[in-house]
Amino acid sequence: MTTLVTPAPVRTETPPTRPRTGNRIGRVLGYLAMVVASVAVLLPFYWMVVSSLKTNNEVFTIPVTWLPSKPQWEHYVDIWTRSDLTTWLGNTVLLSVVVTFLQVLTGSFAAYGFSKIRFPGRDALFLLYIGTLAVPWQSYMIPQFVLLSKFHLSDTLWSIIAIQAFGAIGVFLMKQFYESIPDELVDAARIDGMSEFGIYRRIMLPLSTPALASLALLTLVNTWNDFLGPLLYLRSSNLWTIQLGLRTFISQYSAEYALIMTGSVLSVLPIVVIFLLGQRYFVEGVATTGLKG
Amino acid sequence: MTRGRNTVLGWSFLLPNFAGFAVLTMVPVVLLFYYAFTTWDIFGGAEWSGLDNARQMMHDASFWTALRNTLYYTVFHIPLTLVASLGLAVLLNKRLRAVAFFRTVAFFPYIASIVAVAQVWNMLFSPGYGPVNAVLRAVGVDNPPGWTTSADWSMPAVIVVGTWREMGYFMLIFLAGLQTVPGELYEAARVDGANAWQRLWAVTLPCLRPTTFFVVVMLTINSFKVLDLILVMTNGGPGQSTLVLAQYVYRKGFEENQFGYASAVSVVLFLLCFLVTVVQFAVNRRREA
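Same order as they appear, the protein sequences are chains C and R.
Position 260 (the first sequence) corresponds to 260 in UniProt numbering; numbering is contiguous.
Position 232 (the second sequence) corresponds to 232 in UniProt numbering; numbering is contiguous.
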């Protein structure tokens, strides 16, 4: 607040129209920045899609061609026979669904314990959860790998489920939301004789659909895009996810630029569609975890 | 309700998540500090070797290169992403048409798969025929950089992609923070005759301090742990020009099977993140006091 008191230059003679012109300049600048930023953000995606429709020779030309001379739609047919895309997508969908289900279930369950039931040690335990959010996975991936290998889970899809499904982020996000639900509501239900599980199931879950949707979307996108987990754990090619498969495809067919871009488009497309459908929840999830983290 | 009953109830709600969390996160973190003091190769189990790993690290040129490169990435990635995301957020906070569209678009890089994104950027950065250099030549740069094929320019290329990827995410967090700035403050500043630039420095930035603080902490950790981007874009090369700490852990552990030594390097990564977080919290607390 003190900064506000520091004397701002006094311009008594400023005509009242002045702020409006300033506003107009701001608007123009705003639009300009938005156009530049949109181009910077979208150009790589445009390049990806356009290159997937070009012939290999056409991808790199001087000068750069921004449109294919004749769209090669058959790339989108060929890629299914030239690669194991079906297997990769199948594994990825399976993992994404299972991980998301488990994360939402265990996360919301634990969040209820953290926010609506008082017991000794609860807050210390929650601090521990939060603390690990600052610990990068990269720093404990080795002992985690050793551990999961001892359980004979490495090179199975279970390994990815295990490392992804119990993240602290789910507990954190759901707890933030549950805190906004008044305790009186829960107490009233208790007085009516409802069990804790009943309260969770019939009051908290229905009330928290937006938060559940946020968490589900964030988890789904994370699992779909995870490259490091599968890289470490999934050695057998029949277990590969889309990220790992695409990576191998790129190194095997390094000169097949167009097909590589086709595979890239197909790996990004489902996530873009899901994001567009659930954008509101996605954005809310990010804002919640971001603001109060 | 009694305390005891509550404890049982509370724990039964936590248990499904906590069991997984304890076994898969807490136990590995504790084990890390044990493995770091062991020698361990693929043939045997972990053998206590005291400070051998630490001594080896001191004389390991590759380790120091990885550390230096990580700091290089961090020093540029943080301010670039911060300025880009904050700038975009401030501009988008105005009631302009098409803001909703841009908010959506700005998020695409963050949700797009890193493998696809890295591949596209590698093609864009292709020295001979890539569009980036084509544009540079068109504006009169005769000898554009070799980007990912050049030891000097591969790290800048990685930093560009890292910033491109994360700025939409942090922009969103800043936008959420901007919602909390009271409108009256702007009115008051306007009455005092402050122009847009002065309002930014006197109202917006001070009010955004908690958000900025969070973003800087996140950006620091994100920079220290950068791995997937490097693996798919340059794999540390050319030479060791983009070898970073997390990748060195990966190399030593999963490519050379030296789990003990890799754990020792992991501890450095862990402590870096931990220290920076603690220092940033302390500084922030003192500033607010």
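All C-beta atoms, glycine included, are put in the ideal place defined by N, C-alpha and C.
Closest Cα partner of residue i within the set the options
i	options	result
Asn257 (chain R)	R:Phe21, R:Val23, R:Leu24, R:Ala46	R:Ala46
Leu205 (chain C)	C:Gly107, C:Tyr253, C:Arg82, C:Val59	C:Gly107
Ala110 (chain C)	C:Leu89, C:Phe172, C:Ala213	C:Phe172
Leu212 (chain C)	C:Ile199, C:Phe114, C:Leu32, C:Glu284	C:Glu284
Val83 (chain R)	R:Gln280, R:Val215, R:Val30, R:Gly253	R:Val215
Asn6 (chain R)	C:Val50, C:Val272, C:Arg122	C:Arg122
Ile173 (chain R)	R:Ser12, R:Ser85, R:Val265, R:Tyr35	R:Ser85
Trp224 (chain C)	C:Val186, C:Leu53, C:Trp88	C:Trp88
Val217 (chain R)	R:Val8, R:Val276, R:Arg285, R:Ile159	R:Val276
Gln243 (chain C)	C:Phe114, C:Trp137, C:Val93	C:Val93
Tyr261 (chain R)	R:Asp52, R:Leu231, R:Tyr72, R:Gly237	R:Asp52
Val28 (chain C)	R:Val278, R:Pro156, R:Arg97, R:Leu272	R:Arg97
Ala61 (chain R)	R:Phe254, R:Ala282, R:Leu245, R:Leu269	R:Leu245
Gln56 (chain R)	R:Ile230, R:Cys273, R:Ser263	R:Ser263
Gly177 (chain R)	R:Gln198, R:Ile159, R:Leu205	R:Leu205
Val29 (chain R)	R:Phe274, R:Ala282, R:Leu124, R:Arg285	R:Phe274
Pro210 (chain C)	C:Val39, C:Asn222, C:Gln176	C:Gln176
Met174 (chain C)	C:Asn222, C:Lys116, C:Leu148, C:Ser149	C:Lys116
Leu231 (chain R)	R:Tyr72, R:Arg251, R:Val283	R:Arg251
Ala37 (chain C)	R:Phe107, R:Phe281, R:Pro79	R:Phe107
Val226 (chain R)	R:Thr163, R:Val141, R:Val203	R:Thr163
Phe270 (chain R)	C:Met34, C:Ala124, C:Gly131, C:Ile250	C:Gly131
Per DSSP, the bridge partner or partners of residue i
i	result
Glu47 (chain R)	R:Thr39
Range covered by the alpha helix (DSSP H) that runs through residue i
i	result
Ala98 (chain R)	Careful: Ala98 (chain R) lies outside any alpha helix (DSSP H) and carries neither H nor E.
Tyr129 (chain R)	No alpha helix (DSSP H) holds Tyr129 (chain R); DSSP gives it neither H nor E.
Tyr112 (chain C)	85-116
Ala84 (chain R)	61-92
Asn56 (chain C)	56-59
Phe254 (chain R)	First-last for Phe254 (chain R): undefined, no H or E at that position.
Gln179 (chain R)	That residue, Gln179 (chain R), is in no alpha helix (DSSP H); it is neither H nor E in DSSP.
Glu196 (chain C)	196-199
Thr223 (chain C)	209-225
Ser159 (chain C)	157-165
Phe172 (chain C)	168-179
Thr81 (chain C)	75-82
Lys150 (chain C)	137-150
Val217 (chain R)	209-224
Leu243 (chain R)	No alpha helix (DSSP H) contains Leu243 (chain R), which DSSP labels as neither H nor E.
Gly131 (chain C)	122-132
Thr122 (chain R)	Looking at the sequence shown, residue 122 (chain R) is not Thr but Asn. From DSSP, the alpha helix (DSSP H) with Asn122 (chain R) extends over 114-124.
Ser254 (chain C)	Taken as a continuous stretch (DSSP letters only), Ser254 (chain C) belongs to no alpha helix (DSSP H), as it is neither H nor E.
Gln72 (chain C)	Per DSSP, Gln72 (chain C) belongs to no alpha helix (DSSP H) and is neither H nor E.
Cβ-Cβ distance between residue i and residue j below 8 Å
i	j	result
Pro131 (chain R)	Val64 (chain C)	yes
Phe104 (chain R)	Thr234 (chain R)	Strictly speaking, residue 104 (chain R) in this sequence is Thr, with Phe absent from that position. Cβ atoms of Thr104 (chain R) and Thr234 (chain R): not closer than 8 Å.
Gln103 (chain C)	Gly170 (chain C)	yes
Asp142 (chain C)	Phe259 (chain R)	Residue identity check: residue 142 (chain C) is Ile in the sequence provided, not Asp. Cβ atoms of Ile142 (chain C) and Phe259 (chain R): closer than 8 Å.
Val249 (chain R)	Cys207 (chain R)	no
Tyr140 (chain C)	Ser266 (chain R)	yes
Trp240 (chain C)	Asn91 (chain C)	yes
Thr289 (chain C)	Ala216 (chain C)	no
Thr65 (chain R)	Gln240 (chain R)	yes
Gly229 (chain C)	Ile274 (chain C)	no
Phe227 (chain C)	Val115 (chain R)	yes
Gly193 (chain R)	Pro109 (chain R)	no
Met261 (chain C)	Ser69 (chain C)	no
Met155 (chain R)	Asn69 (chain R)	yes
7 Å Cβ cut-off: residues of chain R touching residue i
i	result
residue 299 (chain C)	Outside the shown range of chain C, which is 1 to 293, sits residue 299 (chain C), and nothing can be said about it.
Val56 (chain C)	Contrary to the premise, residue 56 (chain C) reads as Asn rather than Val in this sequence. Result: empty, since nearest Cβ-Cβ is about 12 Å, beyond 7 Å.
Val146 (chain C)	Phe259
Contact set between residue i and chain D, taken where Cβ atoms lie within less than 7 Å
i	result
Phe13 (chain R)	Although the question refers to chain D, the structure presented lacks it and instead comprises the protein chains C and R.
Interface partners of residue i on chain R, CB under 8 Å
i	result
Pro136 (chain C)	Ile221, Phe224, Lys225, Ala246, Leu269, Phe270, Cys273
Trp47 (chain C)	Val120, Met123, Leu124, Pro131
Ala168 (chain C)	Phe21, Thr25
Chain-ordered neighbours of residue i on chain C, where CB pairs are closer than 7 Å
i	result
Asn284 (chain R)	Simply none; closest approach about 13 Å.
Trp121 (chain R)	Pro44
Asn6 (chain R)	Ile117, Arg118, Phe119
Partner residues on chain C for residue i, Cβ-Cβ distance less than 8 Å
i	result
Ile230 (chain R)	Under the 8 Å cutoff, chain C gives no residues; its nearest Cβ is about 11 Å from Ile230 (chain R).
Ile114 (chain R)	Asn225, Phe227, Gln243
Leu91 (chain R)	Leu29, Gly30, Ala33, Met34
Gly237 (chain R)	The contacting residues do not exist; Gly237 (chain R) stays about 14 Å from chain C at best.
Closer than 9 Å at the beta carbon, the chain C residues around residue i
i	result
Asn143 (chain R)	Those do not exist, as Asn143 (chain R) stays about 16 Å from chain C at its closest Cβ, beyond 9 Å.
Tyr35 (chain R)	Ile142, Pro143, Val146
Where residue i meets chain R, residues with beta-carbon distance less than 9 Å
i	result
Tyr257 (chain C)	Met123
Ala124 (chain C)	Correct list: empty, because the minimum Cβ distance to chain R is about 13 Å.
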